[in-house]
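Counting in the working numbering, the sequence shown runs from 10 upward without gaps.
Quick notes on the structure that follows.
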Amino acid sequence: MSILQNLEGHPTTTSDDTSGKVRNLAAAGLLVAAAWAAIAAWWMPRGPMTTSQAIWSIAISLIVGAVAGVLLRSRWAIVLTPAVFAVVFEVLRIGLDGPMVDGIHASMYGIIALVTGRGFHAVLALLPLALGSAVGVGLVAGPTSRWSSLIMRTGVAIAALAVLVVSVGLLRPATTAPIVGPDGRQLTGSVAELTGVDIGTHQAKLMIRGHSTDNPVLLFLAGGPGGSEYGAMRRHLAELERHFTVVTWDQRGAGTAYSELDPTGTVSPEGAVSDTIAVTEYLRDRFGQQTIYLLGQSWGSTLGVLAVQQRPDLYAAFIGTGQMVSQSATDRIFYRDTLAWAQRTGNDELASELLASGPPPYEDMLRYEAALSHEQDVYPYDHSANSEGSGQMSENLLVEEYALIDQIHVLGAFMDTFAALYPQLQEIDFRRTATDFSVPVFFVQGAHEADGRALPFNEWYPMIDAPIKDRVVLETSGHRPLWEQPDAFVDYMVNTVLGRTSTMG
10 MSILQNLEGH PTTTSDDTSG KVRNLAAAGL LVAAAWAAIA AWWMPRGPMT
60 TSQAIWSIAI SLIVGAVAGV LLRSRWAIVL TPAVFAVVFE VLRIGLDGPM
110 VDGIHASMYG IIALVTGRGF HAVLALLPLA LGSAVGVGLV AGPTSRWSSL
160 IMRTGVAIAA LAVLVVSVGL LRPATTAPIV GPDGRQLTGS VAELTGVDIG
210 THQAKLMIRG HSTDNPVLLF LAGGPGGSEY GAMRRHLAEL ERHFTVVTWD
260 QRGAGTAYSE LDPTGTVSPE GAVSDTIAVT EYLRDRFGQQ TIYLLGQSWG
310 STLGVLAVQQ RPDLYAAFIG TGQMVSQSAT DRIFYRDTLA WAQRTGNDEL
360 ASELLASGPP PYEDMLRYEA ALSHEQDVYP YDHSANSEGS GQMSENLLVE
410 EYALIDQIHV LGAFMDTFAA LYPQLQEIDF RRTATDFSVP VFFVQGAHEA
460 DGRALPFNEW YPMIDAPIKD RVVLETSGHR PLWEQPDAFV DYMVNTVLGR
510 TSTMG
């Protein structure tokens, strides 16, 4: 007896008319699930990327599941409805690129992509579909055994509780606390906000904080590409807000701006520079300042150099930290040193994987994992001596400036954005293209910076000609000195950067 002839274990009428009606209703139930999958694939092909999308996904999935359950009239709806949705959704988004939507990979990066991508989407769509289907079936099904009914009710209660908990978590908005004075009241003239600014075809997501809007404006460019550092800036550099209006920008596709990533075919280094200039122009107009300070970390230091080279008139100075010079040179050194470490320590599996891949560059982001993800093993140092710790960006997610959906997606956004942009950076080498600057340049480096970045920087720095150039090396830092030794970084920014540039015309 087929599942369409067995409703809750009770025989159905066997007439052709009744059987045909049952089949039609079942087909309609599955068609409803397929239609919702098609809409979702068009609307949010990477899964829900904003809080509103996540809440709508849960609500619509519950309704669709209930309708499908009523139409199918079988407990099989609890399985079939989510299955149809998943198959149709995956087929219709095949054209997307990025680790979060590609095939499943058995690696650390692959597991992160699976859990924060398809796994989280399952909670927001497949679980509500199953729950709705169970409720729908319960509304129309005939009587069942006591134990069967108990199991069904228990499962529904657990699923409903899970959906409720997730929904409540999603509804917590991202906020940033006001800057207050000694009396506990908001400081007059201060700014503390999370905002979105239209720049061309997409929005720039900004966190803006400062004790006085009369202070110089400092625009921070995070690393990656695809990194988001709201947490690191809030946890470690609140003191900087006393001296600057600090603007932390989630670049296109990163963190709170993950929803701005597509279409990935329009993501490019030139676009990133244009976005930087557009954000800069917005800040100049808003705060009435002719020039602003530009701070870049890692990939952000590459972007910063490109921006000040293109529009030096917009910037009072550039500050690079964890400075990148040549992405391809860095990757080749990492590859060389990681392979030597693997062979020296007997890690034959890693050595074989590296040898099979050959040295970078690679077109596939996940192929970089073997060469780049063992940095702390290949270049070890004592992370306990700095303020941030070895977890780096992942240790800074639990701040109120991120909504739950942002916290879930930060690492996935990093991977998808990296995959779209990083292969296009391979020709950049500042030793050839960026030795003359029209603005002051300052560099804050870590004494324990990995050779892959330190060696190209040490070659490039003597080549630089600028109105002012200076560097400081922080003794207990690695690649992220601004957060690893924040007190020393703030002191350098105030006494050296501001001290040497504030009187310049």
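Note that the Cβ used here is the ideal one computed from N, Cα and C, for glycine as well.
Predicted model, so just to flag it, every value in this text is computed and none were measured.
With a cutoff of 8 Å on beta-carbon distance, valine 314 and alanine 443 are scored as near each other. The bridge partners DSSP lists for glutamate 202 are Ile217.
Close CB contacts of valine 448 within its chain, under the 8 Å cut and outside five residues either way in sequence, are with Val317, Pro321, Tyr324, Ala325, Ala326, Phe327, Ala475 and Pro476 (chain order). For tyrosine 302, the enclosing beta strand (DSSP E) stretches over residues 301-306.
Around phenylalanine 253, the same chain offers Gly219, Asn224, Pro225, Val226, Leu227, Tyr302 and Met502 as residues with beta carbons nearer than 8 Å, after the five sequence neighbours per side are excluded.
Here the alpha carbons of leucine 363 and alanine 379 stand approximately 7 Å from one another. One Cα belongs to aspartate 460, the other to tryptophan 492, and the distance between them is close to 20 Å. With fewer than 16 other CB atoms across the displayed protein chains lying within 10 angstroms of its CB, tryptophan 156 is exposed. Beta bridge pairing from DSSP links glycine 455 with Leu483. Shown here, tryptophan 45 sits in a helix according to DSSP, grouped into three states.
Bounds of the beta strand (DSSP E) holding phenylalanine 327 are 324-330.
Here histidine 252 carries a coil assignment [DSSP, helix/strand/coil]. In this structure, proline 432 lies away from threonine 339, with their beta-carbon atoms at least 8 Å apart. Closest in C-alpha terms to proline 272, from the list Thr426, Ala49, Trp65 and Leu148, comes Thr426. Alanine 497 and threonine 510 have their C-alpha atoms spaced approximately 19 Å apart. Taking the Cα of glutamine 494 as reference, the smallest distance to any Cα among Trp65, Pro108 and Glu248 is reached at Glu248.
DSSP places valine 172 outside any beta strand (DSSP E); the residue lies instead in the alpha helix (DSSP H), whose first and last residues are 155-179. Between methionine 472 and alanine 263, the alpha-carbon positions lie close to 32 Å from each other.
If the five residues before and after alanine 360 are omitted, its C-beta is found closer than 7 Å to the C-beta atoms of Leu348, Ala351 and Gln352, all from its own chain and listed in chain order. Following the DSSP letters along the chain, one finds leucine 381 inside the alpha helix (DSSP H) bounded by residues 377-381. Look at histidine 488 here: in three-state DSSP terms it is coil, with no helix or strand label. Asparagine 405 sits away from glycine 236, with the two beta carbons spaced by 8 Å or more.
Here the alpha carbons of valine 172 and leucine 136 stand approximately 8 Å from one another. For glutamine 433, the three-state secondary structure derived from DSSP is helix. Cβ contact annotation for proline 182 (same chain, cutoff 8 Å, sequence separation greater than five): Thr60 and Ala412, in chain order. At least 8 Å separates the beta-carbon of alanine 75 from that of glycine 164. In this structure, glutamate 269 places its C-beta atom within 8 Å of the C-beta atom of arginine 261. Annotation for threonine 300: Leu323, Tyr324 and Ala325 place their beta carbon closer than 7 Å to its own, counting only its chain and skipping 5 residues before and after. For the options Gly119, Gly38 and Val73, the alpha carbon positioned closest to that of aspartate 373 is the one of Gly119. At least 8 Å separates the beta-carbon of valine 282 from that of tryptophan 258.
If you ignore the 5 residues before and after alanine 394, its C-beta comes within less than 8 Å of the C-beta of Thr485, all in its own chain and listed in chain order. A Cβ-Cβ contact shorter than 8 Å links valine 93 with alanine 42.
When Val144, Phe129, Gly190 and His211 are compared, the shortest CA-CA separation from valine 175 is found for Phe129.
The Cβ atoms of valine 450 and proline 490 do not sit closer than 8 Å to each other. A direct Cα-Cα distance of roughly 39 Å separates aspartate 479 from aspartate 192. Here alanine 77 is buried: its Cβ has 16 or more other Cβ atoms, across all protein chains shown, within 10 Å.
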